[in-house]
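Data first, discussion second: the structure below is written as structure tokens.
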Amino acid sequence: MSKIVRTITNLLTPFILMFGLYVIMHGHITPGGGFQGGAVFASGIALLIVAFNSAKVQEKLKERHLSVIESSGALMFIGLAFAGLGITFFYNFMVGSSIFGQIPPEGSNPGYMWTAGVIPLMNIAVGLKVIAGLSAIVLVMALASSNIRIDE
Amino acid sequence: MQSLVIHSPILAIAVPLLAAFLIPLISKFNSKVRNIVVIAALAFTEFLVLILARDIYATGLHIYTLGASASTLAIPENFMVPVRIILEVDAMSVFMGIISVTVSLAAAIYSISFMKQETGGSKFYTLLLLLTVGMVGMEFTGDLFNMFVFLEILSISGAALAAFRTRFADASEGGFKYIVISAVGALLILFAIGIFYGQYNLLNIAAIAKVMQYTSLDKIALVILIVAFGMKLASVPMHMWAPDTYSVAPAGTSPMIYVASQACLYALFRICFTLFGVTMDTGTIGWIIIMLGVLSMFVGVTVAVQQTDIKRLMAYHAISQSGYMLLGIGVGLAVLADPVALASYGKAAISGGIFHIINNALYKGLLFLTAEALFFSLGTRDLNRMGGMARNMKYTTIFYIIGALAISGIPPFNGFTSKLMIYESVYQFSPLLAIIAMLVSILTLASFTKAFQSAFTGPALPQYGHVTEVPRPMLFGMGILAVLIIFFSLFPSIVVNTIVTPATDALINQAGYISAVMGGL
Amino acid sequence: MRKTATIISLVIVIVLFIVTAFLMHPFGQPPSDMDDYIIENAQSEAGANNVVSSVVFDYRGYDTLGEATILFTAVTAVVMLFRRRKEETIN
Amino acid sequence: MTEGIFNIPFIAIAALIGISLYIMVVKRNLIKIVMGLAILEAGVNFFIVSLGYRSGGAVPIYTNVPQKLMVLPVPQALTLTSIVIGVSITALMLSMIVLIYRHTGSIDAEKSRKLKG
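Printed below as a string of structure tokens:
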């Protein structure tokens with residue numbers, strides 16, 4: 001791509017990635033969540049792949065590392081679900097505890113970060129998973145269309 | 153132990169899922185550890201399903217509310233309808249669960265030596281576990297949208313497995329066809345779920361069944377659901393994907409994709425019997441399902457006779473055998489509203505259909521595995537280029553004979569028992585249907601005899617002089633299924649009484665299913 | 674022949690969907706028992722201001738697990754399809 | 765029919781689904797089939813999310829919400845799930861098309877042997 005596109009990409013990418021992380025972290029109080037934020041973050045990676053080329057991005061971002069990150073995100077998510085197994089699978093066991101355990105006041109309120117039990121943690125887990133997963137899909141398909149084989 | 157039983161419905165889904173998430177991490181070490189983890193996870197799942205089954209046969213239906221403060225608390229306090237996702241496992245669901253996990257286990261063992269030839273083994277096993285998760289999840293759930301989600305897991309992993317051998321041009325084509333059909337079917341199912349949600353604001357099967365009114369919208373939803381699930385289970389007007397997909401699926405996965413289509417069959421019956429039940433016009437819907445079944449039986453077998461590709465031949469037989477189940481259970485559905493007819497032959501027809509599901513999963517699975525063994529050794533699926541394999545591959549030949557005799561309904565094999573149950577009961581409903589079913593059975597025998605002659609008998613072909621028996625894990629995988637077939641053939645009454653009859657009773661007991669979630673009626 | 678059959682079945686299906694559109698409840702006035710319960714209780718039960726988040730991760734968390742699994746499956750499948758093969762031959 | 769007027773979103777959905785089914789049945793280009801599927805998916809997602817609309821309802825998020833009347837949250841969650849599923853399926857189908865193109869040199873369903881019918 002041309003120099004203009006690459007310069008703009010250099011400028012924009014940090015903000016896109018930061019906004020993605022913000023959407024993930026604040027999923028329980030503002031619109032958004034793990035999936036949405038992860039998609040925003042991965043679109044930043046896709047922008048990099050379009051602006052520079054896939055081989056160059058691959059030097060920094062190996063597919064097998066992405067797959068490890070994705071697996072750990074998935075394991076963290078299912079682990080949180082398993083942690084509720086003392087009562088039931090997916091039980092929100094952290095409501096009322098000291099971590100993320102606050103219960104917000106009934107009705108409209110300005111929003112408190114330290115609420116919602118396991119939901120913020122699940123947002124982070126899913127966010128990790130979606131970042132790695134969508135980036136891996138975009139990267140692998142870009143590499144494949146430029147005929148570069150990937151190692152497993 | 154008691155808490156293991158309580159949590160077993162979700163653990164049977166979560167354990168293989170956990171293993172699937174772990175595989176990308178552990179496959180870094182070596183492939184032996186990975187194989188052990190896969191087999192252990194599936195064996196543990198089988199154990200969980202079996203203890204769940206024992207509990208269900210002893211105490212009845214099992215519900216599990218995810219995320220509630222107690223697993224049996226289906227409806228929140230001071231409220232009328234369920235809000236959370238509920239797993240609802242009755243004898244029918246657990247029956248399907250046993251089939252799925254057993255076939256997956258056999259397929260996983262069978263695939264070990266196959267994977268030494270190919271790259272991408274860890275991806276293969278991840279997808280195999282996910283396909284198992286999809287099947288079990290679909291069978292155990294009591295929530296419509298959740299059923300859609302697991303249907304998609306099953307479709308995506310099945311399509312990916314079908315396309316696994318990327319060096320063949322037809323592999324990705326078979327996979328593509330499967331994913332397109334699955335995606336269209338699943339989206340139609342989602343549309344039907346939307347219709348239910350828009351009318352009743354509910355997603356739980358039991359809760360919708362309780363308030364079901366059979367309005368015109370419900371009729372449209374029912375038609376859409378029958379078409380969509382018919383696409384997924386390859387009944388005849390919508391069967392075009394099945395031969396392409398089954399014939400390219402590698403190693404042990406064609407039986408699994410077949411059992412996955414049986415899970416869709418289960419979903420169709422769950423919708424007809426439990427979601428709608430007697431509120432709908434059972435006669436008409438029953439006849440629609442019977443017609444689908446008869447068409448599948450007849451068209452499947454007549455096309456199969458002409459095939460020269462051994463896996464395509466078996467794929468068409470798979471379509472034809474699904475027709476028997478649709479026929480048996482369709483007859484039961486047609487007389488569901490008539491207690492006298494239901495007691496005199498309807499229940500027997502349903503039992504025959506259900507018994508045929510498990511028999512068929514076993515012998516069809518065995519036949520798919522023997523076909524893949526031939527392909528493994530010879531490198532071809534073309535029957536005209538095979539011959540004289542009985543000398544070189546003794547065990548495979550024996551397994552093939554067992555499977556072929558069972559599928560053709562030769563006494564005393566298990567295929568005969570279940571087909572007899574279908575013939576007898578269907579004859580009382582409509583003699584013509586029973587005659588067609590017998591004719592199909594004869595054609596099946598003819599087709600398998602022909603395939604046997606081409607592949608196994610005759611002079612040994614010189615170019616295959618070096619061919620030897622397939623490796624031991626493959627034989628072991630086939631052996632599991634063959635032993636089960638022989639057991640089912642020798643003791644049909646035990647099997648029918650312990651697992652088939654409870655499943656039949658569970659399927660027609662709509663009130664019991666509803667009251668387990670919604671409280672007393 | 675085949676083309677006419679296709680067109681006719683297509684028309685029937687489309688008419689079916691349009692009939693559905695007319696039979697649905699009036700837009701903007703859905704029945705809402707289950708959702709009212711969730712809107713009422715999401716803050717006290719799940720502790721989250723974002724009701725959609727509490728549905729996604731608490732009331733229907735199991736669906737989200739399935740959804741995450743589907744994404745995982747798709748990634749595995751795409752990587753598997755473009756993997757390096759032992760012998761790069763095309764049949 | 766006066767009621768039907770208010771159901772314009774549902775009619776639009778029927779039109780979207782009709783267009784997509786037409787594309788998938790008539791077109792033979794594999795990429796166009798994927799596009800048809802994407803439109804079908806958009807139609808169904810639109811259907812699900814419009815089931816949850818309540819006239820005058822606010823966003824179902826309590827942070828600084830102006831009123832208590834909210835649109836239904838469950839359809840939004842279902843649509844979110846369905847969108848992610850759609851992305852996954854589209855990615856898988858496009859990868860398969862790349863492989864089919866490598867083998868046959870064509871993305872026309874008529875030319876590739878198995879995809880006829």
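In the order they appear, the protein sequences are chains U, P, Z and C. Per the numbering used here, the very first residue in the first sequence carries number 1; after that it's consecutive. Per the numbering used here, the very first residue in the second sequence carries number 153; after that it's consecutive. Per the numbering used here, the very first residue in the third sequence carries number 674; after that it's consecutive. Per the numbering used here, the very first residue in the fourth sequence carries number 765; after that it's consecutive. A virtual CB, placed ideally from N, CA and C, is assigned to each residue, including glycine. What you are looking at is a predicted structure, and each value in this text was computed from that prediction instead of being measured.
Simplified DSSP state of residue i, which is helix, strand or coil
i               : result
R756 of chain Z : strand
D490 of chain P : coil
T549 of chain P : helix
V253 of chain P : helix
D242 of chain P : coil
E152 of chain U : Only weak support exists for where E152 of chain U lies, its pLDDT of 47 falling under 50; the value from the coordinates is given anyway. Coil.
I237 of chain P : coil
G881 of chain C : Low confidence applies to G881 of chain C: its pLDDT is 40, below 50, so where it sits in the model is not reliable, and the reading given next is rough at best. Of the three classes helix, strand and coil, the one that applies to G881 of chain C here is coil, per DSSP.
Q102 of chain U : strand
D295 of chain P : strand
N109 of chain U : strand
T318 of chain P : coil
T115 of chain U : strand
F173 of chain P : helix
I763 of chain Z : Because I763 of chain Z sits at a pLDDT of 39, beneath the cut-off of 50, its placement in the model cannot be relied upon, and the point is left open.
R543 of chain P : helix
Q414 of chain P : helix
Q702 of chain Z : coil
V813 of chain C : helix
A95 of chain U  : Strictly speaking, residue 95 of chain U in this sequence is Val, with Ala absent from that position. Looking at V95 of chain U - three-state DSSP - the assignment turns out to be coil, as it is neither helix nor strand.
F231 of chain P : coil
For residue i, the first and last residue of its enclosing alpha helix (DSSP H)
i               : result
V692 of chain Z : 675 to 696
E524 of chain P : 499 to 530
A361 of chain P : 357 to 363
E727 of chain Z : Checking the sequence, you will find Ser at residue 727 of chain Z rather than Glu. Here the alpha helix (DSSP H) through S727 of chain Z covers 724 to 727.
A663 of chain P : 662 to 670
V862 of chain C : 837 to 868
K384 of chain P : 368 to 384
G629 of chain P : 624 to 642
A338 of chain P : 321 to 352
Q36 of chain U  : 34 to 51
Y209 of chain P : 183 to 211
M707 of chain Z : 706 to 718
I164 of chain U : No answer is possible for residue 164 of chain U: it lies beyond the span of chain U, which begins at 1 and ends at 152.
Q58 of chain U  : 54 to 60
Y398 of chain P : 393 to 400
Endpoints, the beta strand (DSSP E) within which residue i is located
i               : result
T88 of chain U  : T88 of chain U -> no beta strand (DSSP E), and no H or E assigned at all.
T676 of chain P : The displayed coordinates of chain P run from 153 to 673. Any statement about residue 676 of chain P would go beyond what the structure contains.
Residue nearest to residue i in terms of C-alpha spacing, selected from the options
i               : options                        : result
L280 of chain P : P:L225, P:P407, P:S399, P:F196 : P:P407
W439 of chain P : P:A467, P:E270, P:L485         : P:L485
P623 of chain P : P:V388, P:Y547, P:Y330         : P:Y547
L213 of chain P : P:V336, P:T460, P:V246         : P:V246
D242 of chain P : P:G631, P:Y216, P:A542, P:S221 : P:Y216
D677 of chain P : P:M392, P:G429, P:V619, P:A412 : A query on residue 677 of chain P cannot be resolved here, the shown segment of chain P reaching from 153 to 673 and no further.
I78 of chain U  : U:V50, U:M122, U:H65           : U:M122
A806 of chain C : C:M834, C:I853, C:L780, C:V835 : C:L780
A873 of chain C : P:I305, P:Q269, P:K329         : P:K329
Y112 of chain U : C:L833, C:G850, C:N828, C:S819 : C:N828
S223 of chain P : P:T426, P:V157, P:A192         : P:V157
L48 of chain U  : U:A81, U:F82, U:T13            : U:T13
F811 of chain C : C:V835, C:T845, C:P839, C:R866 : C:P839
L785 of chain C : Z:S682, Z:P703, Z:F695         : Z:S682
Those residues which DSSP pairs with residue i across a bridge
i               : result
M834 of chain C : C:A822
N793 of chain C : C:D872
D461 of chain P : P:D534
T827 of chain C : U:N109
### Task
Identify every run of the alpha helix (DSSP H) within the region 548 to 614 of chain P, keeping only runs that are complete inside it and at least 4 residues long; order them along the chain.
Counting only runs of at least 4 residues, the region 548 to 614 of chain P fully encloses the following alpha helix (DSSP H) elements, listed from N- to C-terminal order: 566 to 581, 583 to 607.
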